[in-house]
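Each remark here refers to the structure printed beneath this line.
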Amino acid sequence: MRSLLFIFMGLLFSASFVLADDFVFGAPDVPDINVTQEEYQGRLDKLIENSNSSDFLFELAYLALQFEDIKKAEDYFKLSLKRNTFSVPSYKPNINYWFGKIYEKKGDLFKAQEFYVKHGDAYNIRLIMAKIYRADEMYDLAEKEYLRALDSTLYEQCNYKLFLPIIEMYMEMEDFKKAKKYTKKYLKELKYFEKEYSCDIPKTEFQKEIKEAEELLDEIKKKK
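Be aware that the sequence shown starts at 15, since it is given in my numbering, and climbs by one per residue.
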């Protein structure tokens, strides 16, 4: 009985070749290419370098920047400008903003500021000035620039997180009086946004941040 079953299955398998003219057995043919990972990357870089699409290069640059690959981001942005075949209206006019971000990540704040000025980006100009003043220990001026940046974006862009670098700055200085002052302001705005605005942020996220801000305030109150 068992042998008959094997014979029947064999016949059924053989019949499948007859019934299915397009039956494929095994893997398809593959290109005869054998390269190392480094050679693959080299070929990929060459394809990118030869691309004539500014939009494609711009988007690659943006992705590289998100993954902190600053060198490639800078190279691709420059290449997209060199090709100058943009079809997406917003790409080329905003490219100075992205160069500003690149130099900010590099730590070259003055170069970043140059590009933000070219872009006409008052918000980031003020943030860069705040960082420059902070690095030079001109804390009162840094505070003013942070607050100017806040004034222009707090309610329009739900930019309440900008209180955090101010708090951090005064914590580093051990000026706990001012750190407490801005933590209270931060907490007040968090509760306001939770109640009045959605800001496309889940309520649970606000609740989490409120709890963290309350804990931070408690810690600061313990400081002398």
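Every residue gets a Cβ at the ideal spot worked out from N, C-alpha and C, and that includes glycine.
This one's a predicted model, so the numbers in the text were calculated from it and none came from an experiment.
C-alpha gap between residue i and residue j, whole angstroms
i	j	result
Ala75	Ile84	9 Å
Lys235	Tyr200	15 Å
Ile142	Leu93	26 Å
Asp59	Asn110	24 Å
Thr197	Phe100	45 Å
Glu233	Phe177	17 Å
Ser104	Phe72	11 Å
Asn98	Gln55	25 Å
Asp150	Asp122	14 Å
Asn108	Lys217	32 Å
Ile62	Ala126	26 Å
Leu204	Lys145	24 Å
Phe39	Val102	Residue placement at Phe39 is flagged as unreliable, the pLDDT there being 49, under the threshold of 50; the coordinate-derived value follows with that caveat. Phe39 and Val102: Cα-Cα distance of roughly 46 Å.
Asp165	Gln171	11 Å
Among the options, the one whose alpha carbon lies nearest that of residue i
i	options	result
Glu226	Lys237, Gln127, Asp214 and Lys202	Lys202
Tyr174	Tyr206, Ala78 and Phe81	Tyr206
Gly114	Pro216, Leu95, Asp135 and Arg57	Asp135
Glu159	Arg140, Cys172, Arg148 and Tyr169	Arg140
Glu82	Lys106, Asn66 and Ile116	Ile116
Glu182	Glu157, Ser166 and Gln171	Glu157
Open item on the list: So within the region 58–119, which uninterrupted beta strand (DSSP E) runs reach at least 3 residues, ignoring any that extend past its ends?
Closed with: none
Task: In chain order, each alpha helix (DSSP H) run of at least 4 residues that lies wholly inside the region 144–202 - done: 153–167 and 177–186
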